[in-house]
Amino acid sequence: MLNLVLFGPPGAGKGTQSEKLIEQYKLVHLSTGDLLRSEIKAGTELGLKAKALMDQGILVPDEVVIGMIDNKLKENRNAAGFIFDGFPRTVKQAQALDALLEQNGTSITCMVALEVEEEELTRRLLERGKTSGRPDDQNEDLIRKRVQEYNEKTLPVANYYQGQQKYSSIYGIGAIDEIFGKITQAIEKASV
Ligand code: B4P
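All letters in the sequence shown, in the order written, are residues 1 to 192 by full-length UniProt numbering.
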């Protein structure tokens, strides 16, 4: 079973690369950002609470996202593996994910971190904001806030996987297919 964590700051290319990885490895894609946005679209109570935070560039509480992932893992018991995109975003989420996977007799295979400078992240997200309709992509201050949240709360997750010798880092600027090639190399190396 292949369980991959795709890691990196907002706009690093996690969603973009996930689409290609799902096709290549037939994994179930679990993006907490997408799951939260579908709750918002459906107008659920969870969605309303999440929207208030996401529109300010702030992380949603751990319990909320851990609960969503727990449900999705249960719904997909027979999957060939999972790609976790935008999750875990805190050390508490990483610990919870390990515990949930252990209950199913499996574990994370590897974490691949995409490294992209802040200037390029801002440029990409503002560009996406022109067509995505995502409020969190349309304002430079908000993007700065999201990067700040990442640096403070999410970066320690990299150390967590480093401690488990499951971490690899890839430079995320360049052609999408070139970056994809480097990610698949890292996965193959971790899977032997
Ligand atoms: P996400 O939906 O995860 O948002 P993201 O980080 O912006 O997405 P991503 O990084 O996948 O975008 P991509 O690079 O593919 O989260 C949104 C919000 O939800 C968070 O701020 C938070 O509030 C909340 N949330 C989500 N998960 C949570 C969790 N676990 N805990 C708490 N809160 C959570 O795409 C960016 C753009 O770059 C695209 O337009 C793409 O075309 C472009 N691009 C990609 N690769 C490129 C390349 N190589 N060259 C040029 N452009 C490229």
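Cβ atoms here follow ideal geometry from the backbone N, Cα and C, with glycine treated the same way.
Exercise for the section: Mind checking which residues open and close the beta strand (DSSP E) that includes V5? Expected result: L2 to F7
Handout entry: Test: I69 CB closer than 9 Å to a CB of chain C
Key = In summary, chain C is missing from the structure at hand, where a single protein chain is found.
Handout entry: Local Cβ density within 10 Å of A80, reported as buried at 16 or more and exposed below that
Key = exposed
Practice task
With hydrogens ignored, establish whether the beta-carbon of T106 is closer than 8 Å to any heavy atom of ligand 1.
Solution key: no
Practice task
Measure the beta-carbon distance from L114 to I108 and round it to whole angstroms, keeping in mind my assumption that it falls under 8 Å.
Solution key: At roughly 17 Å, the Cβ-Cβ gap does not stay under 8 Å, so L114 and I108 are not in contact.
Practice task
Buried or exposed for R124, please, with buried defined as at least 16 other CB atoms from any protein chain shown within 10 angstroms of its CB.
Solution key: buried
Exercise for the section: Please list, in chain order, all residues of the same chain as F84 whose beta carbon is under 6 Å from its beta carbon, the five residues on each side excluded. Expected result: V5 and L30
Practice task
If I'm right that L59 touches K153 with Cβ under 8 Å, what's the distance once you round it to whole angstroms?
Solution key: 6 Å
Problem - Extent of the continuous alpha helix (DSSP H) to which I22 belongs - result: K14 to Y25
Practice task
Using beta-carbon positions only, say whether R77 and T32 come within less than 9 Å of one another.
Solution key: no
Problem - Contact check, K92 vs D62, beta carbons under 9 Å - result: yes
Problem - Span separating the alpha-carbon of L2 from that of G172 - result: 22 Å
Handout entry: Reduced DSSP category for V64 - H, G, I as helix; E, B as strand; rest coil
Key = helix
Problem - L30: first and last residue of the uninterrupted beta strand (DSSP E) it sits in - result: V28 to S31
Problem - Rounded C-alpha distance that separates V18 from G8 - result: According to the sequence as given, residue 18 is Ser; it is not Val. Spanning the two alpha carbons is a distance of roughly 12 Å.
Practice task
Between the Cα of E75 and those of N104, E117 and L142, spot the shortest distance and give me the residue it belongs to.
Solution key: N104
Handout entry: Selected residue, minimal CA-CA separation from A94, among V116, I69, L48 and E118
Key = I69
Handout entry: Runs of alpha helix (DSSP H) lying entirely within the segment 126-171, each at least 4 residues, in chain order
Key = 140-149 and 156-163
Practice task
For K49, collect the residues of the same chain with a Cβ closer than 6 Å to its Cβ; drop the 5 residues on either side in sequence, then sort them by chain order.
Solution key: none
Handout entry: Pairwise C-alpha distance: E23 and L46
Key = 30 Å
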